[in-house]
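Asker:
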Amino acid sequence: MATAPLMILGAALSPFSYAHANANQEQSCTSLSATGNPEYPPFLWQSEQGNQLHGAVANLMDKLGDKIGIPIETIYVGPWSRSQQEVRSGRVDLMAGAFYTSERADYMEYFRPAMMYTKSVVWQSSLTPFEYREWDDLVGRWGVTVINNSFGQEFDTFAKQNLNLLNVASLEQALFMLGAGRADYVLYERSPGVAYVQKLGLEDVRYMEPSVSSEGLFLTMSKMSPCNTPEIKQSIATALQDLVSEGESQASLISGLIEWRETAQAAN
Numbered sequence: 242m243a244t245a246p247l248m249i250l251g252a253a254l255s256p257f258s259y260a261h262a263n264a265n266q267e268q269s270c271t272s273l274s275a276t277g278n279p280e281y282p283p284f285l286w287q288s289e290q291g292n293q294l295h296g297a298v299a300n301l302m303d304k305l306g307d308k309i310g311i312p313i314e315t316i317y318v319g320p321w322s323r324s325q326q327e328v329r330s331g332r333v334d335l336m337a338g339a340f341y342t343s344e345r346a347d348y349m350e351y352f353r354p355a356m357m358y359t360k361s362v363v364w365q366s367s368l369t370p371f372e373y374r375e376w377d378d379l380v381g382r383w384g385v386t387v388i389n390n391s392f393g394q395e396f397d398t399f400a401k402q403n404l405n406l407l408n409v410a411s412l413e414q415a416l417f418m419l420g421a422g423r424a425d426y427v428l429y430e431r432s433p434g435v436a437y438v439q440k441l442g443l444e445d446v447r448y449m450e451p452s453v454s455s456e457g458l459f460l461t462m463s464k465m466s467p468c469n470t471p472e473i474k475q476s477i478a479t480a481l482q483d484l485v486s487e488g489e490s491q492a493s494l495i496s497g498l499i500e501w502r503e504t505a506q507a508a509n
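The opening residue of the sequence shown carries number 242 in my numbering; numbering runs sequentially from there.
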């Protein structure tokens, strides 16, 4: 499949066009829905009650909604694979955090710059360790990851051609399989992995360096969304650029870390 171009939605608006965009927004779209990976603290996680998602990216979506004058509700619609289906169909407007892949670019448009950055790593059990220094060290071993997860275009291609990877429904399931000796390693992002390892009390599970990839976490819009108009996309792109340049994405990440720690402490 040919690599789809990464759409750069971020040119500055003139005062006239910005006002024109706001006028059109009011007529065509009064609210936006967003979703994402619900097993992704401190970026996103599911609330104990209701259908809301909390975390750093949800905090940034609140700020983005205020800036464009259209409220953005970050909602839980199911596991990560279901979230992608809902955005693909246009039933949810925005994906609040996705790595770039050509497959995803077929049904979503990417806003730049990236909201935040995250590293993906190899997780293994200290009870059954193996030497890991480079991607080739994973060849011939059995790994687990979450359905429809991505680690960047380059590593995804390598994994498809060379690795034995089982896809499961949730990060908890993958980590329990590793802890039970049913897999040699788990592939997942570092920060969410640390959060879940601590939550589940898996003292023998640890991540390895170096990371397999470091990728930008992008905001995207479904090509099937009824709110996918040039005016709204331009308004989002301009506001997102402003928020990132003003340091609001980093501030949202810090608040997400604090919120997750408080949530984990309350659960214990």
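Note that beta-carbon positions come from the ideal geometry of N, C-alpha and C, so glycine has one too.
#1: Helix, strand or coil, according to DSSP, for T479 in the structure here?
#2: Here's the rule I'm using: 16 or more other beta-carbon atoms within 10 Å means buried, otherwise exposed. How should S255 be labelled?
#3: Quick one: Cα of D303 to Cα of H295, how far?
#4: Assign G384 to one of two classes, buried (16 or more other C-beta atoms within 10 Å of its C-beta) or exposed (fewer than that).
#5: With distances taken from CA atoms, which of N278, A339, Y426 and A478 is nearest Q394?
#6: Run the CB neighbour count on L368, radius 10 Å, all protein chains shown included, and call it buried at 16 or more, exposed below.
#7: Which residue's Cα is closest to the Cα of F284: G497, E503 and V446?
#8: Under the three-state reduction of DSSP, which class applies to I316: helix, strand or coil?
#9: For G420, count the other beta carbons within 10 Å of its own beta carbon; 16 or more makes it buried, fewer makes it exposed. Which is it?
#10: Is the stretch 372 to 388 close to the stretch 298 to 317, with three or more CB pairs under 8 Å?
#11: According to DSSP, is Y437 part of a helix, a strand, or is it coil?
#12: Over what stretch of residues does the alpha helix (DSSP H) that includes L498 continue unbroken?
#13: Taking only the alpha-carbon atoms, compute the straight-line gap between I499 and I473 and give it to the nearest angstrom.
#14: If you measure between the beta carbons of S361 and E289, is that distance less than 7 Å?
#15: If you reduce the DSSP assignment to three classes, tell me which class L335 lands in.
#16: Do Y358 and T461 have their C-beta atoms closer together than 7 Å?
#17: I311 to M336, Cα distance in whole Å?
#18: Output the distance between the C-alpha atoms of E450 and Y373, rounded to the nearest integer angstrom.
#19: Using the Cβ count rule (16 or more neighbours within 10 Å means buried), how would you classify R345?
#20: Going along the chain, which unbroken runs of the alpha helix (DSSP H) with 4 or more residues stay wholly within the stretch 345 to 427?
#21: Taking the alpha carbon of L458 as the reference point, which residue from L412, D445, G442 and Y341 has its own alpha carbon closest?
#22: Please state if the CB of V485 and the CB of P320 are separated by a distance shorter than 7 Å.
#23: Using the Cα positions of Q268 and S322, report the straight-line distance between them to the nearest angstrom.
Answerer: Based on what the coordinates show:
#1: helix
#2: Unreliable placement is indicated for S255, whose pLDDT of 34 sits below 50; the coordinate value is still reported in the next sentence. S255 is exposed by the Cβ-count criterion.
#3: 11 Å
#4: buried
#5: A339
#6: exposed
#7: G497
#8: strand
#9: Answer is buried; the Cβ neighbour count reaches 16.
#10: no
#11: helix
#12: First-last of the alpha helix (DSSP H) with L498: E489 to A508.
#13: 32 Å
#14: no
#15: strand
#16: no
#17: 16 Å
#18: Cα-Cα distance, rounded: 8 Å.
#19: buried
#20: 394 to 403 and 412 to 420
#21: Y341
#22: no
#23: Low confidence applies here, because Q268 scores a pLDDT of 46, under 50, leaving its location unreliable; read the following figure in that light. Distance between the alpha carbons of Q268 and S322: 32 Å.
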